[in-house]
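In what follows, a single structure is set out as structure tokens and then discussed.
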Ligand SMILES: Nc1ncnc2c1ncn2[C@@H]1O[C@H](COP(=O)(O)OP(=O)(O)O)[C@@H](O)[C@H]1O
Ligand SMILES: [Mg+2]
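In this note's numbering, the protein residues as written are 94 to 364.
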């Protein structure tokens, strides 16, 4: 099985469950609050590792307690953190305002430094799966080089380099649907639409009780990557992604906690 290289944000989340979003100048009382691991890159890495994959996290933390907590969380999930860089500055942190329908609104707290990370291009082997969980234009040369070395490179939009195999992201993040790659577009409660080689295929979401939609797209992307890594057809990846997303939205967590490991057909196979 190929290794996964997940490039993207690692963040400490402050989740506040609220009855409604505050209007300008108003007060809202959280009904519940929690601090917890998150960040779109860390969420994907955790899901794949819990499913049994060999996963390398590429991102950064600051030298602060949030960074230590995230390193601990990733390590506990079995993710390789050798390529997590400690940068001068603060670990990403966000406030999540989560409404009763599970929808979350995000406020980032510290300046983003993701563009400053070094991508370990030479460590990647042919056949490995790369996923840019956040795209920065400075990543383009590294992405191109890894594709040239035989890795399968995927990204969230806009992630548009000529060698990009799949773009996976929410509808809001696609300004255009690119023609030369396969675009896998998530649409919240409406499910997913796949655009590939002139075809359009829609897949409905799996109905479930939604309490916290944080990380739904990350769990979905992880499911897609998992099936791709096993050489399965994309349709099966989308179906597994939908299943992992459904297990994520019904728990109060940013990460797909233990859900993926319980999916049928997946055996734990740690190195
Ligand atoms: N409110 C919801 N009800 C049911 N399924 C949902 C809901 N929100 C997300 N999902 C599932 O998670 C997937 C990804 O969610 P989406 O909201 O599109 O991503 P993001 O996390 O980027 O906002 C959806 O395609 C769907 O399968
Ligand atoms: Mg959403």
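Glycine is no exception: its CB is placed at the ideal position from the N, C-alpha and C atoms.
- For the stretch 151-182, the full-length beta strand (DSSP E) segments reaching 3 residues or more read 177-180 along the chain.
- The DSSP assignment places 222-225, 245-248 as complete runs of the beta strand (DSSP E) inside the stretch 202-255, in order along the chain (cut-off: 3 residues).
- By the Cβ rule, the stretch 138-158 counts as touching the stretch 168-187, because three or more pairs are nearer than 8 Å.
- Short note on residue 313: C-beta closer than 7 Å to some heavy atom of ligand 1.
- Between the alpha carbons of residue 164 and residue 291 lies a distance of about 42 Å.
- Per the coordinates, the alpha-carbon of residue 251 lies some 21 Å from the alpha-carbon of residue 198.
- For residue 125, same chain residues with a beta-carbon under 7 Å away, outside a window of 5 residues either side, are 110 in chain order.
- Chain-ordered, the residues whose CB falls short of 7 Å from any heavy atom of ligand 2 come out as 196, 263, 281, 306, 309, 310.
- Residue range 123-131 is occupied by the beta strand (DSSP E) that includes residue 128.
- Assignment of beta-bridge partners to residue 100 by DSSP yields 151, 225.
- In the structure shown, residue 188 falls within a strand segment according to DSSP collapsed to helix, strand and coil.
- Nearest in C-alpha terms to residue 254, of all of 118, 101, 275, 264, is 275.
- Of all C-beta pairs linking the stretch 99-110 to the stretch 118-137, three or more are shorter than 8 Å, placing the two stretches in contact.
- For residue 347, the secondary structure class from DSSP, reduced to helix, strand or coil, is coil.
- The shortest CA-to-CA distance from residue 328 to any of 289, 200, 347 is the one to 289.
- At a cut-off of 7 Å, the beta-carbon of residue 330 does not count as near ligand 1: no heavy atom of the ligand is closer than that.
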